[in-house]
Amino acid sequence: MARQHALPPNLAPRLIGRNAAAAYVSLAPNTFDSLVRDGRMPKPRILTSGRKAWDVRLLDLAVDELPLDGEDILDVDRGWDD
Numbered sequence: 264m265a266r267q268h269a270l271p272p273n274l275a276p277r278l279i280g281r282n283a284a285a286a287y288v289s290l291a292p293n294t295f296d297s298l299v300r301d302g303r304m305p306k307p308r309i310l311t312s313g314r315k316a317w318d319v320r321l322l323d324l325a326v327d328e329l330p331l332d333g334e335d336i337l338d339v340d341r342g343w344d345d
């Protein structure tokens, strides 16, 4: 987290770690991992051989694709094919 202190206060980080990504989409880290595995959340970017991070923009897009409460999940999966 110390690396983020170098950013100006008005500039949010573009890439965030696993725990922050899970918190960003209001999930526990293990639940977030499950959604990444099944494709509902994006895979991380590889920064170095030992460091991965999630792109906030891709997380936003994934959240936009989640069904709304009361919405038929099959309707969401169909997209434009009515």
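If you read the sequence shown in our numbering, its first letter stands for residue 264, the second for the next number, and so on.
Beta carbons are placed, not taken as given, at the ideal position from N, Cα and C, and that holds for glycine.
Legend entry - residue 300, DSSP secondary structure in three states: helix
Legend entry - Residues near residue 326 by beta carbon distance below 7 angstroms, same chain, minus five either side: 288
Inset, instruction - Compare the C-alpha of residue 305 against each of 271, 320, 269 and 277 and name the closest. - result: 320
Legend entry - Euclidean distance between Cα positions of residue 298 and residue 286: 13 angstroms
Inset, instruction - Under 6 angstroms Cβ to Cβ from residue 264, same chain only, skipping five residues before and after it: list those, please. - result: Legend: pLDDT at residue 264 = 48, less than 50; position of this residue unreliable, value from coordinates given subsequently. Taken in chain order, the list of residues that qualify is empty.
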